[in-house]
Amino acid sequence: MLTDQIYQDVLDGWMAVYRDGYLADKVLQRMLKDYPRTARMAREIVAQSVYGILRHQRLLLATIGVEGEIPDDKVQDTLLQAYLKWYGDYDQRYHWRSRPDWHFLEQERKKLLEIRAYRFSIPDWVDAYGYRNWGDAWESILASLQQIPHQVLRINTLTTTRETIFQQLKKLEIPAHRDAQVETALHVRQWTPLWDLPAFKQGNFEVQDAGSQQVGAFCHVQPGMRVIDACAGSGGKTLQLAAAMNNKGKILALDTDGVKLEALAKRARRAGIHNIETRVIDSTKVIKKLRDWADIVLVDAPCSGSGVWRRNPDAKYRIEEEDLDQLIQTQRELLVSYQRMVKPGGILVYATCSIFPAENEEQMNWFENQSIQLSRIDQQFVSPASGDRDGFFMVKWKKEG
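Number 442 marks the last residue of the sequence shown (my numbering); no jumps.
So, in structure tokens, the structure goes:
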């Protein structure tokens, strides 16, 4: 049921992303903390509505005639009504501030749905670029990126088992199922404030998509190894690698962002992990000192994030075509530089959460033309069209020696 607080929070949350440029997940995390834990339904409505409006944002704005504009309060009201009527649970009894002409809006929407870029709410350049790369398969990929994603847990095998967490969720009447491909992944089928669960606070699981977990498994780390996560960020894959190593050996988590590394260290403490060392990349000396050091180097490179747009729908509106060109150049620079940290006989893994070949297979081929010391031994593409996971690309090379 829609209440005044839910109404205002949905619109405030969406405007914080659309107008003010904040990240949707950060906005919602901050906003939902103000709700009592017992208000589970209200929290779900707010979260799903903000994400839902973002998912269909371009089509909604164009339908009501304000694409590219900052809508006033009355137009925001119409936009929320349109979203709930077409994609959610529309409550006619609520005291709405506007009275839309639904016949006119339905006609406008019908015309716009004939245009693929509006149908899937993506920028025109993304649609043209994606079709050039994927052809007729582009439609199914876009359809998959419009789906509401599962929440996926990565079980911390240092402290518990997947079956234990599965049974705990069952007792809490939270529907879940085990992933068939990744033994640490557990899918939650309804929106749940997972950070409120005791098992999360005890470090027994992290939230991490099954496709992302496949990247960690693809690295095939072993206890006792020396491993570098070269673009660690806040450490989702770093923690996964540490657990796979059973806290034995050493992981260096590198990143240019010290704040993210501080968050990683905090998460590691909660998970009971003690074989991670963080280092800020503040000069080229950091990389030079690690030459030939690692058994495995993971370069989880900055990318378009196009493979995770259903989970981060606001991201598809942020990226420009020139940004993609810069990302491709950055990825190449990282590969050339970070390969030096792999010891002879060691493994280099390159991964993205992109669906674009220019960031994936084309980068793989480009890099192989630059390096004669590395031989490809495996590659995988996880398509978001598979239905239950985000899109990822990964490739593995072995260094001579």
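Backbone N, C-alpha and C fix where the C-beta goes; we use that ideal spot for every residue, glycine too.
Query raised in the report: Where T44 and S162 are concerned, what is the direct C-alpha to C-alpha distance, given to the nearest angstrom?
Result: 28 Å
Query - Straight-line Cα distance separating K152 from R160 - result: Answer to the nearest angstrom: the Cα atoms are 10 Å apart.
Requested in this report: Give me the Cα-Cα distance between L146 and I86, rounded to the nearest whole angstrom.
Outcome: 24 Å
Query raised in the report: Would you say the segment 392 to 407 touches the segment 333 to 347, given that touching needs at least three Cβ pairs under 8 Å?
Result: yes
Query raised in the report: Which residue or residues does DSSP assign as beta-bridge partners of F434?
Result: T393, F422
Report task. Give a yes or no on contact between the segment 312 to 319 and the segment 363 to 370, applying the rule of three or more CB pairs nearer than 8 Å. Result -> no
Requested in this report: Spell out the partners DSSP gives L293 in its beta bridges.
Outcome: I269, E318
Query - For V262, the three-state DSSP class (helix, strand or coil) - result: coil
Query raised in the report: Pairing CB atoms from the segment 171 to 183 with CB atoms from the segment 109 to 120, are three or more of them under 8 Å?
Result: no
Query raised in the report: Buried or exposed: where does W236 fall if 16 or more other Cβ atoms within 10 Å of its Cβ makes it buried?
Result: exposed
**Report entry** alpha helix (DSSP H) runs contained entirely in the segment 110 to 180, provided each spans 4 or more residues
**Finding:** 114 to 128, 143 to 153, 157 to 160, 165 to 175
Query raised in the report: At a cut of 8 Å, does the segment 223 to 235 reach the segment 196 to 214 through at least three beta carbon pairs?
Result: yes
Query raised in the report: Buried or exposed: where does K212 fall if 16 or more other Cβ atoms within 10 Å of its Cβ makes it buried?
Result: Under a 10 Å Cβ-count criterion, K212 is classified as exposed, with fewer than 16 other Cβ atoms of the shown protein chains found around its own Cβ.
Query raised in the report: What are the boundary residues of the alpha helix (DSSP H) that R308 is part of?
Result: 299 to 312
Query raised in the report: Are there 16 or more other CB atoms within 10 angstroms of the CB of L154, so buried, or fewer, so exposed?
Result: exposed
Query raised in the report: Taking the continuous alpha helix (DSSP H) assigned at I189, which residues delimit it?
Result: Neither: I189 is in no alpha helix (DSSP H) and is coded neither H nor E.
**Report entry** Secondary structure, alpha helix (DSSP H): runs of 4+ residues fully inside the segment 199 to 280
**Finding:** 203 to 212, 239 to 242, 251 to 260
Query raised in the report: Taking the alpha-carbon positions, what's the Q122 to M72 distance?
Result: 21 Å
Query raised in the report: Around the Cβ of D270, are there at least 16 other Cβ atoms within 10 angstroms (buried) or fewer (exposed)?
Result: buried
**Report entry** Selected residue, minimal CA-CA separation from G62, among K357, Q414, Y135
**Finding:** K357
Query raised in the report: In the DSSP assignment, what residue or residues form a beta bridge with D341?
Result: Looking at the DSSP assignment, D341 forms a beta bridge with A392.
Query raised in the report: Taking buried to mean at least 16 other C-beta atoms within 10 Å of its own C-beta, is E400 buried or exposed?
Result: buried
Query raised in the report: Mapping DSSP to helix, strand and coil, what is K357?
Result: helix
Query - Closest by C-alpha distance to K437, when choosing among V256, D333, T297, I314 - result: Ranking the options by Cα distance to K437, first place goes to V256.
Query raised in the report: For the alpha helix (DSSP H) that G93 lies in, which residues bound it at each end?
Result: 81 to 96
**Report entry** Y63, enclosing alpha helix (DSSP H) - first and last residue
**Finding:** Per DSSP, Y63 belongs to no alpha helix (DSSP H) and is neither H nor E.
Query raised in the report: Got a sec? Which residues, its chain only, sit under 6 Å from G171 by beta carbon, not counting five neighbours each side?
Result: W179
Query - Whole-angstrom distance between D130 and T325, CA atom to CA atom - result: 54 Å
Query raised in the report: Taking buried to mean at least 16 other C-beta atoms within 10 Å of its own C-beta, is G442 buried or exposed?
Result: When all chains shown are included, G442 counts as exposed.
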